[in-house]
Each structure stands twice: as C-alpha cells, then as structure tokens.
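J.: Chains as they are written, first to last, in this note's numbering: chain A, 1403 to 1569; chain B, 2 to 185. All residues carry an ideal CB built from backbone N, CA and C; glycine is no exception. Since the structure is predicted, the reported quantities are computational estimates derived from the model, not experimental observations. The structure is given below, and queries will be raised subsequently.
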Amino acid sequence: MWADVIVEALKENEVSLIAYVPDISINKVTKLMQDDPYFHVVSATREEEAIGIAAGAYATGRNAAVFMQSSGFGNCINALTSLCMPSRIPVPMFINMRGEVGEFNIAQVGMGRSVRPILDVLGLPYYTLDTEDRLDLRVSGAIKLCHSSRQPLALCMTPLLHGGKLA
Amino acid sequence: MHRFSATKMLLNHVGDAPVVANLGPSTDELWHAGHRDRNFYTYGSMGLCSSIALGMALSTEERVVSLDGDGSLLMNMGTIATVGREKPKNLIVVVWDNEQWAQTGNQPSHTAYGTDLEQVAKSCGIPRTATVSDEEELQSVFMQAMEEDGPWFIVAKVEEMEEYMPVAPIEPEMTTYRMRRSFE
C-alpha cells in the first residue's frame, strides 16, 4: 500500500523526525509513523513551524521530513527561501494536493494549483505521486536527491494516489 | 540589562550546547560574543528561532539554547504550544524582550501593551519559566536551567542599545555545515 511504501522509503534514507500539520488524506501515513518507534512525529501548529523544526533536526544530524496540505504550503514559503535554501537544509516535503480531480471546495483550488508553479519559481524540484507504479523508486530516489543537493524538494500526492477527501 | 553583555555572560555557561540566535542583532551579537561551531545564526525566517531549537532538542540529548526575540516569537506563538506539548527536557528558550521591533523603527510590540510571554508559556504547559530584568538574575536562572530538566522558558527584559555590533558574516551554508559536522 502507498503509505507503507513511503514509510519504507523514509527509513531507507534514515529520515526519522517528522513534523506535520494534520491532513485527512495523509493521515494514513502519518498514523503509521506515529505507531512506529523508529519515528518521532511532531505535530506543528503551522507549516512554517514544521519547516523550522525539520531544519533544526537536520542541523544536529537527524534527517527530517515535513507533511502538509497544499493550502499550508502557502504558509511556509519564506521558511524555504530564507532558511532552508540559503542554509542548504534538505527537507523533503510531502504535500497532499487539494484542488485536483474530485475537489469539492473552491477555496482549495487556488493554492492547490499554485504549489507547482511556486516551486518552479523557487527552482525547487518536485515529483507527483499519483500511482503506486514504481512509487518506491520515485519516493526513495527523490529523498536521495533532496539530501545530495541539500535543498528542499516536494512530493505532491494527488487523490489518484490516496483516494482524496470525499465530500 | 543589555543583550550583548548578557549574551557574552550566557556563552560562559553553555559549554558545547548548540545555541540558535534570532535574526538581526541577536545573531550579530552572538557572533561577536564568541563564534563557535555550535552557534546557529539565522539570517531570515523570522519567527522560527525557537522552532529550529525545538527540532534540535528532539534530535540530540545535549542542552539546546534558543536566543529568541519578542517580536519574532509573536509571529509564531504556536511554537510555544508545540514546546509545551513535546516538553523536551533539554530545551532552554531565552526571549530577549525589548518590547519593540527595534530593527524596523522601534515600533512598540505587543509585550509593551501587556502581552506576557511567560504566562503564555505557562498556559502552554512549559514547566519551568521565569521573567528576569537584570543580568545577575538571568545568570542564576540560566545556570539552573543548564542543570535541571526543562523545557525552560526565560523572558529576559532588555533595554534596546543605541549602538549595534557590526553585521556578522552572512554565511548560512557554513552555519549548517559546521553545526551538523560537529554531531558526526
């Protein structure tokens, strides 16, 4: 199952601190990690706080990742441009994409559609996760690239992967 | 109490503990007080100083010190709640509270109008808190914080200085490299 694949990819790359803001569609994977003593899962109040926590972990030798929703990506852009990017801190960001096929809430569409163009402007790579086909290679490879380039990177998870939120 | 003098005093007591400094004068003064591999200077990401320190405290068993500011922390007060929820015993947050945004024209901050950050910390479940207004008092609480389990949240009331230290070298990639390497 996709959630197990992500958990294994994180372990393979020694990512053990997870900072996240809750989201119903990524709940499956964050819950798996909460039940797994390998991970320390920190519930942040806001996405930029999650980036700060992940950055601090990395600076002291512990690899970290962040889980959030596309709306929350808008809350953390300054943390990326003024902390992670100049400080060369790699943070893999798992972003649940709202505003995709099946979206029922117009308020989710604008930010959902803006995530990838914003990443383009920032020069940060992203990969879309919309199928279980070769998911292990994609996720693990993306985390490796994130670490070797020492820059943040996004994994955009769409409803085609996880089923999305039903109205 | 003046921040630069107090920073120099704190550095005498931190040992090898990682110290994260808020952007602007707190970072400049930490550099001038005594550059070390375990100083984590910030140059942007206003509000995240104590969040960075929290991430560190959850990743090492050593003491971790955050030198935050009132204006910055007001931007990210949620992180006080996260510290209270996680309760890392090794985290010491010091808030330089000058009750203003000094770098942008000395506009009074909310702490000048009654916001009490120590009470916020208490209500978020942070077990060890203090508000101090002179260096001797700060030294005494800080030495206790270096020995006794926290998390600690210490509001240090400071008078804003008229003269600032020169800007510290802006080399964020080296800050990360030095700090991470010291944990290998």
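If you measure from the CB of V1409 of chain A, is any heavy atom of the ligand MN nearer than 7 Å?
T.: With respect to the ligand MN, the structure shown offers nothing to examine, as it has no ligands at all.
J.: Step through the CB atoms of chain A and report whether any lies within less than 8 Å of the CB of G56 of chain B.
T.: One-based indexing of the second sequence puts residue 56 of chain B at position 55. Cβ-Cβ to chain A under 8 Å: yes for G56 of chain B.
J.: Within 10 angstroms of its Cβ, does G1536 of chain A collect 16 or more other Cβ (buried), or is it exposed?
T.: Stepping through the first sequence from its first residue, residue 1536 of chain A is reached at position 134. Here the sequence assigns Arg to residue 1536 of chain A, which means Gly is not the residue at that position. R1536 of chain A is exposed by the Cβ-count criterion.
J.: May I ask you to report which of helix, strand or coil DSSP gives M166 of chain B?
T.: In the second sequence, counting from the first residue as 1, residue 166 of chain B sits at position 165. Three-state DSSP puts M166 of chain B in coil, outside helix and strand.
J.: Give me the subset of the region 1424-1451 of chain A whose CB atoms are less than 9 Å from a CB atom of chain B, sorted by chain position.
T.: H1442, V1444, S1445, A1446, T1447, R1448, E1450, E1451
J.: Between A:L1521, A:E1416, A:G1514, A:R1464, which lies nearest to M180 of chain B when the distance is taken from Cα to Cα?
T.: The count along the second sequence starts at 1 and reaches residue 180 of chain B at position 179. If we check each option's Cα against that of M180 of chain B, A:R1464 comes out closest.
J.: Return the residue from the list A:L1419, A:L1555, A:E1414, A:L1547 that minimises the CA-CA distance to I53 of chain B.
T.: Numbered from 1 along the second sequence, position 52 holds the residue referred to as residue 53 of chain B. Looking at the Cα atoms, A:L1419 is the closest of the given residues.
J.: Does DSSP classify S46 of chain B as helix, strand or coil?
T.: What you label residue 46 of chain B is simply residue 45 of the second sequence in a count that begins at 1. Three-state DSSP puts S46 of chain B in coil, outside helix and strand.
J.: For chain B, is any of its Cβ atoms less than 8 Å away from the one on S1484 of chain A?
T.: Along the first sequence, one-based indexing puts residue 1484 of chain A at 82. Taking Cβ atoms only, chain B reaches closer than 8 Å to S1484 of chain A, which makes this a yes.
J.: Note down, in chain order, every chain A residue with its Cβ under 7 Å from the Cβ of F41 of chain B.
T.: Numbered from 1 along the second sequence, position 40 holds the residue referred to as residue 41 of chain B. Per Cβ cutoff of 7 Å: A1461.
J.: Taking only the alpha-carbon atoms, compute the straight-line gap between D117 of chain B and H1442 of chain A and give it to the nearest angstrom.
T.: Taking the first residue of the second sequence as 1, we reach residue 117 of chain B at position 116. Taking the first residue of the first sequence as 1, we reach residue 1442 of chain A at position 40. Those two C-alpha atoms are separated by around 31 Å.
J.: Given that L1419 of chain A touches chain B, what residues does it touch there, using C-beta distances under 8 Å?
T.: Along the first sequence, read from residue 1 onward, the residue named residue 1419 of chain A stands at position 17. Residues of chain B whose Cβ lies closer than 8 Å to the Cβ of L1419 of chain A are, in chain order, G56, L59, S60.
J.: Let's test the definition: count the other Cβ atoms within 10 Å of the Cβ of V1417 of chain A and tell me whether it reaches 16, buried, or not, exposed.
T.: For the purposes of this step, residue 1417 of chain A is taken as residue 15 along the first sequence, with counting starting at 1. By the Cβ neighbour-count rule, V1417 of chain A is buried, with 16 or more other Cβ atoms within 10 Å of its own.
J.: Starting from the N-terminal side, write out each stretch of the beta strand (DSSP E) that is 3 residues or longer and does not extend beyond the region 96-151 of chain B.
T.: 129-133
J.: Could you work out which residues of chain A lie near R181 of chain B, taking near to mean beta carbons separated by less than 8 Å?
T.: Against the second sequence, residue 181 of chain B aligns to sequence position 180. Those are Y1460, A1461, T1462, G1463, listed as they occur along chain A.
J.: For M76 of chain B and S1542 of chain A, I'd like the C-alpha separation in whole angstroms.
T.: One-based indexing of the second sequence puts residue 76 of chain B at position 75. One-based indexing of the first sequence puts residue 1542 of chain A at position 140. One C-alpha to the other measures close to 35 Å.
J.: Which residue wins for smallest C-alpha separation from Q1471 of chain A, given the options A:A1411, A:G1501, A:S1550, A:C1486?
T.: Your numbering for residue 1471 of chain A matches position 69 in the first sequence. The shortest C-alpha separation from Q1471 of chain A is found at A:G1501.
J.: Name the chain B residues whose beta carbon is nearer than 8 Å to that of P1488 of chain A?
T.: By one-based count along the first sequence, residue 1488 of chain A stands at place 86. The contacting residues are Y44, G45, P173, E174.
J.: If I measure Cβ to Cβ from E62 of chain B and keep anything under 8 Å in the same chain, skipping five residues before and after, which residues do I get?
T.: By one-based count along the second sequence, residue 62 of chain B stands at place 61. Only N91 meet the Cβ criterion.
J.: Listed in chain order, which residues of the region 1487-1520 of chain A have Cβ atoms closer than 8 Å to some Cβ of chain B?
T.: So the list reads P1488, S1489, R1490, I1491, given in the order they occur along the chain.
J.: With 7 Å as the limit, tell me which residues of the region 126-145 of chain B have their beta carbon closer than that to any beta carbon of chain A; keep them in chain order.
T.: Close to chain A, meaning a Cβ-Cβ distance shorter than 7 Å, is no residue of the region 126-145 of chain B at all.
J.: Assuming S1516 of chain A is part of the alpha helix (DSSP H), what are its boundary residues?
T.: If you number the first sequence from 1, residue 1516 of chain A lands on position 114. Its alpha helix (DSSP H) spans residues 1511-1524.
J.: In terms of residue numbering, what span does the beta strand (DSSP E) encompassing L1419 of chain A cover?
T.: Walking along the first sequence from the start, residue 1419 of chain A turns up at place 17. Taken as a continuous stretch (DSSP letters only), the beta strand (DSSP E) holding L1419 of chain A covers 1417-1422.
J.: Looking only at C-alpha atoms, which of A:F1469, A:G1454, A:T1560 sits nearest to E1505 of chain A?
T.: The sequence position of residue 1505 of chain A within the first sequence is 103, counting from 1. Ranking the options by Cα distance to E1505 of chain A, first place goes to A:T1560.
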